[in-house]
């Protein structure tokens, strides 16, 4: 298959298997500037599929960097309110959202992390309404990644320039099955298999998880009103979409105050333009009471200080160590891929769609079952071939869920 | 002077001599995608000058082209309303607007011009509120151009790629005086000289202009409540800015129904992605009643059909044939430059700032003095070394204004 053909298959995959766009719908593409050539392919495929309007809001790292580096200190707290408001309006008008990311882990290298944190917080606040639409199932959205030289060379240090980019595109096509003739069929099989695992976890009704691995000994309580899900999200109107491609995770939310012990990261985390490596978090009654980091300590500190909710977990996700992404052996330096190669947790905002009947519950009722609120939601990887997880059923029985990093049932 | 230094001088010229930005102000850059590297330089200079926030809204020709080429017919009438609304809001909040253009005259080549016209009209309608802020002096705005390979090669057909781009940058630096050490001083002198010419025209109080040249014999009535101006625009709050760089024109508005005769274009016009060449317009009582075009006839027809006001003139501008841009001998295929090398007229919306006490006049009062309303405003060039213009004073005396293309007084 030619490169252009795989690129078109990838674009169609995002539109039709991911977003599941409808005729006459509008599409908002929030694209990093370097994704412009691929954005063009997506726009063409969208119009060919009968969409009404494709709106593109390009994000330019250089403009962001100029602000974080050069703006007056107080002006870092100002993030133009219109972007968030427009996103919210478009979401309310049933616009599909595609976010095309070209991660640049060294973007803010050498810039005072406190300045980065102020800017990141202001941006998060400005986009809160849009984020709420995402977490509450009122918009079909999808995040996908597009290679840049910098990213590709960080993944394939022995390759350079176009050769590294080609390898990274191949890896993306492989992990998203865009290089196969029967892409749709393969995705249907894959989603069915993941749903089976989620169904099993829900049937066993686990009240507590116990993680054990190198540097990790952690217990996480689960509430009977939460449940496990995967791949497909459901909108209020009952339609479904897949917000991440690739996706290999089965996930739920923890009880906010029911997390105890220590967990160690197993892969680097690219957050706020900085790469965090080999860090650990220690929890008491859900709250982070201690943390370490070999690299990116200040950035981790700033992340935890975003708000009260950033110090608690909002997501628990299981990914078998034998997943294709993991078995490829490639560390993508990119959460979108690496989270699908590894069990992970998230600091910050919990996921509404993991709560039974969430839409009819008030904020107070959600907080009662341990739902965490925050401006942020940051995944970090804790899975490896040495991780085991047991589950405790309501009657106190302990059962294996993961052994040596893979499903145990 | 090094290239980077000239580029920074050009950026500073746009911000400080053009927009005259203020500390703490926000800056909205509406930039064509190819202008991204220069946009970065402007953003850095803006933050260094103490601006609060630089917002960039990139326009991607490829996305526009995908819509015009592939969207369903009826969907061409839909242009997302939020862009215009956001621009309007930002303008109302005293945001400065910089539009960075990278013209591509062949963008819509081969696409049905009726489709282009529908899209262009919908876009114009969506941005009407913002345009009104611009014409009514409620926002400081500026349009500037940035080279692309396509544009540079169309201007310098004997050069290719980077070599053509370098030549075009040199031409831009030259015409904007960004390659001089005393840029600011030169601009002050230049603006003073232009103001003198505008003052002379206003003092003579001409009621009618008569254009004569090859293929041109045209009379234009002027109303006593309109006046000549140049270079600097004044905002409602009394502050000034220069909306075009370079600028060499002294201009006013005609009486909508007071234009009679025929005028022929003297330079190509890049409109709606098409190059119009050697066209003529015949007016009766202000309205275009006949037209010809060697190239771009359909596009000219569509332009005139935009709305009723597109068939009438909204601007009369005088530029000496010996202006530096004209004398450079370069045809820029770009109105921003070519209009400053040549006397020109504009079809469409009249300019509010050329009416005495315009802000206290109702729409009805403005229409009474011959003010033209339209969704569009398109300059076209009519000046040459063979153009003469006479003016008729209120007592019927005829005086020379232009002889052989240059100021006659």
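Chains as they are written, first to last, in full-length UniProt numbering: chain A, 1 to 409; chain B, 1 to 409.
We put the beta carbon where it would ideally sit given N, CA and C, even for glycine.
Can you find a C-beta in chain B that's less than 8 angstroms from the C-beta of residue i?
i, result
"residue 50 (chain A)", "yes"
"residue 101 (chain A)", "no"
"residue 165 (chain A)", "no"
"residue 257 (chain A)", "no"
"residue 146 (chain A)", "no"
"residue 97 (chain A)", "no"
"residue 225 (chain A)", "no"
"residue 82 (chain A)", "yes"
"residue 33 (chain A)", "yes"
"residue 40 (chain A)", "yes"
"residue 43 (chain A)", "yes"
Using a threshold of 8 angstroms, state whether the C-beta atoms of residue i and residue j are closer than that.
i, j, result
"residue 102 (chain A)", "residue 32 (chain A)", "yes"
"residue 145 (chain A)", "residue 336 (chain A)", "yes"
"residue 218 (chain A)", "residue 391 (chain A)", "no"
"residue 108 (chain B)", "residue 306 (chain B)", "no"
"residue 354 (chain B)", "residue 252 (chain B)", "yes"
"residue 346 (chain B)", "residue 378 (chain B)", "yes"
"residue 352 (chain A)", "residue 137 (chain A)", "yes"
Closer than 8 angstroms, CB to CB, is residue i near chain A or not?
i, result
"residue 88 (chain B)", "no"
"residue 104 (chain B)", "no"
"residue 63 (chain B)", "yes"
"residue 132 (chain B)", "no"
"residue 373 (chain B)", "no"
"residue 53 (chain B)", "yes"
"residue 71 (chain B)", "yes"
"residue 119 (chain B)", "no"
"residue 142 (chain B)", "no"
"residue 271 (chain B)", "no"
"residue 21 (chain B)", "no"
"residue 60 (chain B)", "yes"
From residue i to residue j, what distance separates their C-alpha atoms?
i, j, result
"residue 130 (chain A)", "residue 195 (chain A)", "28 angstroms"
"residue 256 (chain B)", "residue 162 (chain B)", "45 angstroms"
"residue 295 (chain B)", "residue 249 (chain B)", "27 angstroms"
"residue 160 (chain B)", "residue 173 (chain B)", "19 angstroms"
"residue 319 (chain B)", "residue 157 (chain A)", "58 angstroms"
"residue 44 (chain B)", "residue 154 (chain B)", "30 angstroms"
"residue 394 (chain B)", "residue 356 (chain B)", "18 angstroms"
"residue 297 (chain A)", "residue 376 (chain A)", "18 angstroms"
"residue 149 (chain B)", "residue 191 (chain B)", "32 angstroms"
"residue 270 (chain A)", "residue 80 (chain A)", "25 angstroms"
"residue 58 (chain B)", "residue 98 (chain B)", "12 angstroms"
"residue 400 (chain A)", "residue 175 (chain A)", "28 angstroms"
"residue 293 (chain A)", "residue 362 (chain A)", "37 angstroms"
"residue 373 (chain B)", "residue 350 (chain B)", "6 angstroms"
"residue 232 (chain B)", "residue 242 (chain B)", "5 angstroms"
"residue 66 (chain A)", "residue 197 (chain A)", "46 angstroms"
"residue 38 (chain B)", "residue 111 (chain A)", "22 angstroms"
"residue 235 (chain B)", "residue 179 (chain B)", "29 angstroms"
"residue 181 (chain B)", "residue 5 (chain A)", "53 angstroms"
"residue 46 (chain B)", "residue 244 (chain B)", "18 angstroms"
"residue 14 (chain B)", "residue 187 (chain B)", "12 angstroms"
"residue 303 (chain B)", "residue 310 (chain B)", "7 angstroms"
Could you tell me whether any non-hydrogen atom of the ligand SAH is closer than 7 angstroms to the CB of residue i?
i, result
"residue 362 (chain B)", "As far as ligands go, the structure on display features none, and thus does not contain the ligand SAH."
Cutting at 6 angstroms between CB atoms, please list the residues of its own chain near residue i, excluding the five before and the five after it.
i, result
"residue 385 (chain B)", "321, 404 and 405"
"residue 216 (chain A)", "263 and 264"
"residue 26 (chain B)", "52, 53 and 95"
"residue 202 (chain A)", "227 and 228"
"residue 407 (chain A)", "320"
"residue 87 (chain B)", "130"
"residue 24 (chain A)", "52"
Leaving out five residues on either side along the sequence, give the residues of the same chain with a beta carbon under 8 angstroms from the beta carbon of residue i.
i, result
"residue 289 (chain A)", "282 and 283"
"residue 323 (chain A)", "248, 340 and 341"
Under 7 angstroms Cβ to Cβ from residue i, same chain only, skipping five residues before and after it: list those, please.
i, result
"residue 35 (chain A)", "100, 102 and 146"
What residue ranges within the stretch 9–89 of chain A form continuous alpha helix (DSSP H) runs of no fewer than 4 residues, ordered along the chain? Here the runs fully enclosed are 36–48 and 61–70.
Report the residue ranges of all beta strand (DSSP E) runs contained in full by the stretch 198–258 of chain A; include only those spanning at least 3 residues, in chain order. 208–213, 216–221 and 250–252, all fully within the stretch 198–258 of chain A.
Tell me the start and end of each unbroken alpha helix (DSSP H) in the stretch 321–379 of chain A that is at least 4 residues and wholly inside, in chain order. If we require 4 residues or more, the alpha helix (DSSP H) runs fully inside the stretch 321–379 of chain A come out as 324–327, 335–338 and 363–368.
Complete beta strand (DSSP E) runs within the stretch 99–132 of chain B (minimum length 3 residues, chain order): Complete beta strand (DSSP E) runs here, min 3: none at all.
Only counting runs of 4 or more residues, tell me where the alpha helix (DSSP H) segments fall wholly within the stretch 158–192 of chain B, in order along the chain. Runs found: 161–175.
Threshold first: 4 residues or longer. Then list the alpha helix (DSSP H) segments lying entirely within the stretch 260–302 of chain B, N to C. Secondary structure within the stretch 260–302 of chain B: not one fully enclosed alpha helix (DSSP H) run of 4 or more consecutive residues is present.
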